[in-house]
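**Q** Below you will find the structure I want to go over with you.
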Amino acid sequence: MRPFIEARHGRAPIRYPHPDLEEPLKETYGVVVFHEQIIDIVDIMTGCGRGEADRVRRGLSDPESQGRIKVWFAQHAAANGYDAETIQRTWEIVEAFGSYGFCKAHAVAFAVPTYQSAWLKAHHPAAFYAGLLTHDPGMYPKRLLLADARRRGVPVLPLDVNASGVAHRIELVSGKWGLRLALSDVHGISEAEAARIAEGQPYASLVDFWERGRPSRPLAQRLAQVGALDAFGANRRDLQLHLTELHRGARGAGGGQLPLAGGRKTAPAGLPDLTSAERLSAELGVLSMDASRNLMDDHRQFLDELGVVSARRLREARHGEAVLVAGAKAATQTPPIRSGKRVIFSTLDDGTGLVDLAFFDDSHDACAHTVFHSWLLLVRGVVQRRGPRSLSVVGSAAWNLAELLEVRREEGLEGVAARLAGAGGSGGSGGSGGSGDDGEGAARRRLAGSEGAPAPAGSAARDPMEQRKIRMPTGYEMHPWADLRPAGEGPAVGRKLWHQSPGSAG
Numbered sequence: 019m020r021p022f023i024e025a026r027h028g029r030a031p032i033r034y035p036h037p038d039l040e041e042p043l044k045e046t047y048g049v050v051v052f053h054e055q056i057i058d059i060v061d062i063m064t065g066c067g068r069g070e071a072d073r074v075r076r077g078l079s080d081p082e083s084q085g086r087i088k089v090w091f092a093q094h095a096a097a098n099g100y101d102a103e104t105i106q107r108t109w110e111i112v113e114a115f116g117s118y119g120f121c122k123a124h125a126v127a128f129a130v131p132t133y134q135s136a137w138l139k140a141h142h143p144a145a146f147y148a149g150l151l152t153h154d155p156g157m158y159p160k161r162l163l164l165a166d167a168r169r170r171g172v173p174v175l176p177l178d179v180n181a182s183g184v185a186h187r188i189e190l191v192s193g194k195w196g197l198r199l200a201l202s203d204v205h206g207i208s209e210a211e212a213a214r215i216a217e218g219q220p221y222a223s224l225v226d227f228w229e230r231g232r233p234s235r236p237l238a239q240r241l242a243q244v245g246a247l248d249a250f251g252a253n254r255r256d257l258q259l260h261l262t263e264l265h266r267g268a269r270g271a272g273g274g275q276l277p278l279a280g281g282r283k284t285a286p287a288g289l290p291d292l293t294s295a296e297r298l299s300a301e302l303g304v305l306s307m308d309a310s311r312n313l314m315d316d317h318r319q320f321l322d323e324l325g326v327v328s329a330r331r332l333r334e335a336r337h338g339e340a341v342l343v344a345g346a347k348a349a350t351q352t353p354p355i356r357s358g359k360r361v362i363f364s365t366l367d368d369g370t371g372l373v374d375l376a377f378f379d380d381s382h383d384a385c386a387h388t389v390f391h392s393w394l395l396l397v398r399g400v401v402q403r404r405g406p407r408s409l410s411v412v413g414s415a416a417w418n419l420a421e422l423l424e425v426r427r428e429e430g431l432e433g434v435a436a437r438l439a440g441a442g443g444s445g446g447s448g449g450s451g452g453s454g455d456d457g458e459g460a461a462r463r464r465l466a467g468s469e470g471a472p473a474p475a476g477s478a479a480r481d482p483m484e485q486r487k488i489r490m491p492t493g494y495e496m497h498p499w500a501d502l503r504p505a506g507e508g509p510a511v512g513r514k515l516w517h518q519s520p521g522s523a524g
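Using our numbering, you'd call the opening residue of the sequence shown number 19 and step up by one each time.
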């Protein structure tokens, strides 16, 4: 699309392969974009008619047919008086287009909602995110949409059985529209339960909610965990205890002795409240979103110690610059490419924005298993710029950030430096040595890259499983590392927290 954009904005001249082709190409500034333009070009230059030209267009998707079509096109165009240079130049355009692209109606069907969405996001962001989260389209997990809403300055209002609807809604907060989380996001809630709770609002007390909302015990416990019952008083652990007592009472085992009966506020039971980390963990488990804050905020100090470049700062990085990046995995894709090799694409969310990663074949020994089977990632790589605002990081080493956090707690920064000194995030050696300056200061120098750099990706012995192919029933071949993990070890978090392409277990 770059030739179209350049011509559209007057940064490149508009050129046509031949004056006869100006009419079909005029609206796209001389660049072939739509199927209809290929049909027009073939029809004009060969005189075959639009029906036959469409059959020719479809045949361009078959490499075996292209050779025959090329000869046919050249013969008929020459018979219509076009010179060899024009025929060759036009054929290169037709051949390059192939069956790629789309018809104009298809383009409009995408363009109209795209413009509408862009306008809505610019002028009514809370409503935009409410609709997006409710209908949950596309490849982005909900927690990523919520993080984007925060960066846009949209207040995120917590789940509340007295305020939340079945779907996401907007509310005025100090003169600004905020986004209220929805009951439908609670893990395990049925449509009937969500509707019944919403219809019964408001609830005067926990007992009132229990009797009229009629949640199942597991659902009520989950609502308490994520703060949806905070309005009834007491802390979240106390509320869960009271819900257990209500459940027992409903079954006829000692009911009527509850300290909260008849009151609007739930009496404290004396249990310690959930910690900040426990609250965040509950949000991820129950809502599949870090609703109160971005989970990476808790690790900001550690990332600063490592010298990690945030997504926001990465925009200023130079092409070819070596960087450390980190974040929660938002997506992985492993599309097949023409060479037969595989490239792992992944996207990280670090709370300040998104980091796009690419792991090429020579890095897979070092990185593939970690990228597929870890949620929080630390990646070393090189910045690759494709334009003023388009960049990615080509990864050469990857580590499970959750494991490094544990190492930091148990062994200090020196232990983390030793891990990072190993090849490709495989643990490796690196070591601490002695005392004095070879402590935190030396560790920081290692982390900054002044010593203990990792071995080049792919330098380790080749794994005998490398040639192994995982063929799906559909014929899709998965990445050979996609289903490998230590025996008995399952994924740490639910799949809903990030997107994976078909055939990618990661």
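Glycine is no exception: its CB is placed at the ideal position from the N, C-alpha and C atoms.
1. For Ser223 versus Lys283, is the C-beta spacing smaller than 9 Å?
2. Below 8 Å on the Cβ atoms is my guess for Ile362 versus Val401; work out the distance and round it to an integer in Å.
3. Could you spell out the range, first to last residue, of the alpha helix (DSSP H) harbouring Glu40?
4. If you run the structure through DSSP and keep just helix, strand and coil, what is Ala287?
5. Compute the Euclidean distance between the alpha carbons of Gly183 and Trp195, then round it to the nearest angstrom.
6. For Thr370, count neighbouring C-beta atoms within 10 Å of its own C-beta (all shown protein chains included) and say buried if the count is 16 or more, exposed if not.
7. I need the straight-line Cα distance from His27 to Val49, nearest angstrom please.
8. Do you know offhand how far Glu70's Cα is from Thr64's?
9. Should Pro35 go down as buried or exposed, given a rule of 16 or more other Cβ atoms within 10 Å for buried?
10. Could you tell me if Trp516 is buried or exposed, where buried requires 16 or more neighbouring beta carbons within 10 angstroms of its beta carbon?
11. DSSP three-state label for Pro81, please.
12. Among the candidates Glu339, Pro236, Leu372, Ala249, whose CA atom is the shortest distance from the CA of Asp226?
13. Could you say which of Val412, Asp368, Asp374 lies nearest to His382 if we only look at CA atoms?
14. Within its chain, find whatever has a CB closer than 8 Å to the CB of Gly451; leave out the 5 residues flanking it on each side and keep chain order.
15. Asp374 lies in the beta strand (DSSP E); which residues open and close that run?
16. Consult DSSP for Trp109 and reduce its assignment to one of helix, strand or coil.
17. Pick helix, strand or coil for Lys194, following the three-state DSSP scheme.
18. With DSSP as the reference, please indicate the residues paired to Ser234 in a beta bridge.
19. Tell me which residues share the same chain as Ile56 and place their Cβ nearer than 7 Å to its Cβ, disregarding the 5 neighbours each side in the sequence.
20. Ignoring anything shorter than 3 residues, give me the beta strand (DSSP E) runs that lie fully in the segment 116-186, in order along the chain.
21. Just how far apart, CA to CA, sit Leu332 and Val343?
22. Start and end of the beta strand (DSSP E) containing Arg318?
23. So within the segment 232-266, which uninterrupted alpha helix (DSSP H) runs reach at least 4 residues, ignoring any that extend past its ends?
**A** Looking at the atomic coordinates:
1. A contact, by the Cβ cut-off of 9 Å.
2. Contact between Ile362 and Val401 is ruled out by a C-beta separation of about 18 Å, above the 8 Å threshold.
3. First-last of the alpha helix (DSSP H) with Glu40: 40-43.
4. In the structure shown, Ala287 sits in coil (DSSP, three-state: anything other than H, G, I, E or B).
5. Taken atom to atom, the span from the alpha-carbon of Gly183 to that of Trp195 is near 16 Å.
6. Classification for Thr370: buried.
7. Here the C-alpha atom of His27 lies approximately 13 Å from the C-alpha atom of Val49.
8. Straight-line Cα distance between these residues: approximately 10 Å.
9. The residue is buried, with at least 16 neighbouring Cβ atoms inside 10 Å.
10. Buried is the call here.
11. Pro81: helix per DSSP, three-state reduction.
12. Looking at the Cα atoms, Ala249 is the closest of the given residues.
13. Ranking the options by Cα distance to His382, first place goes to Val412.
14. Only weak support exists for where Gly451 lies, its pLDDT of 35 falling under 50; the value from the coordinates is given anyway. If we look at Gly451 and ignore the five residues flanking it on each side, it has no Cβ neighbours.
15. For Asp374, the enclosing beta strand (DSSP E) begins and ends at 372-377.
16. It is helical.
17. Three-state DSSP puts Lys194 in a strand.
18. Beta-bridge partners assigned by DSSP to Ser234: none are found.
19. Val50, Arg75, Val112, Phe115, listed in sequence order.
20. Counting only runs of at least 3 residues, the segment 116-186 fully encloses no beta strand (DSSP E) element at all.
21. Answer to the nearest angstrom: the Cα atoms are 9 Å apart.
22. Membership of Arg318 in any beta strand (DSSP E) is not indicated; the residue belongs instead to the alpha helix (DSSP H) covering 318-324.
23. For the segment 232-266, whole alpha helix (DSSP H) runs of length 4 or above, ordered along the chain, are 235-243.
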